[in-house]
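Asker: All residue numbers for the sequence shown refer to this note's numbering, where the first residue is 599 and numbers rise by one. Sharing a structure here in structure tokens format.
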Amino acid sequence: MPARHVAIGRPVHSAEARGIRALVKALPDGWVVYSNLDLPSGGRGGQTYEHDAVVIAPHAVFTVELKSWGGSISGNRDRWTLNDGTIVQSPLPLVLAKARALKGRLQARRRDLSQAWVQGLVFVTAADATVRISPDFQDLVATVRDIGQALTDPG
């Protein structure tokens with residue numbers, strides 16, 4: 599049985615909806631996936647971050663940024679090159695900032711959650727995606743083939 603899915607908002611497009619379904623299906627029973635929720639960024643002015651998915655697991659809390667890019671993708675912390683040669687800003691800094699803000703929010707709400715491990719992860723959802731990211735950040739990126747292992751392996 600897959601994880602339980604709690605849809606807070608609506609996916610912005612059909613590729614995001616497919617990615618959320620793939621994420622939920624890849625995770626074990628007892629886990630919870632909240633999708634499409636806005637949470638405070640922790641900054642001033644009431645700004646929020648839109649989280650594509652937040653996964654509640656026994657060993658960690660993950661904020662997951664979904665990208666529907668396909669084909670061969672390569673890059674590092676700052677820039678990624680997509681299959682067609684387009685260079686885009688890496689989603690890694692944003693998902694890591696979302697994870698820090700989520701950790702701060704949990705700590706502010708409940709002191710006992712200060713020990714919770716909160717991690718950001720980029721999930722590249724196209725079935726044909728292959729991702730080569732610099733070694734220091736490769737554990738923060740998963741594809742359809744390895745999303746389950748990326749989230750369930752606490753090592």
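We put the beta carbon where it would ideally sit given N, CA and C, even for glycine.
1) When DSSP builds the beta bridges, which residues end up paired with E614?
2) Along the beta strand (DSSP E) that carries P830, what are the first and last residues, could you check?
3) Looking at the unbroken alpha helix (DSSP H) that takes in G746, where does it start and where does it end?
4) When burial is assigned at 16 or more other CB atoms within 10 Å of the CB, is H649 buried or exposed?
5) In whole angstroms, what separates the C-alpha of D737 from that of R703?
6) To which residues does DSSP link W678 through a beta bridge?
7) Does DSSP put A624 in a helix, a strand or coil?
Answerer: Answer, in terms of the structure:
1) Per DSSP, E614 has no beta bridge partner at all.
2) Lying outside 599 to 753, the shown extent of the chain, residue 830 is not represented and no answer is given.
3) Start and end: I745 to T750.
4) With a 10 Å radius around the Cβ and a threshold of 16 neighbouring Cβ atoms, H649 comes out buried.
5) If you draw a straight line from the Cα of D737 to the Cα of R703, it comes to about 24 Å.
6) Answer by DSSP bridge pairing, in chain order: G673 and V686.
7) A624 carries a helical assignment under DSSP once its states are collapsed to helix, strand and coil.
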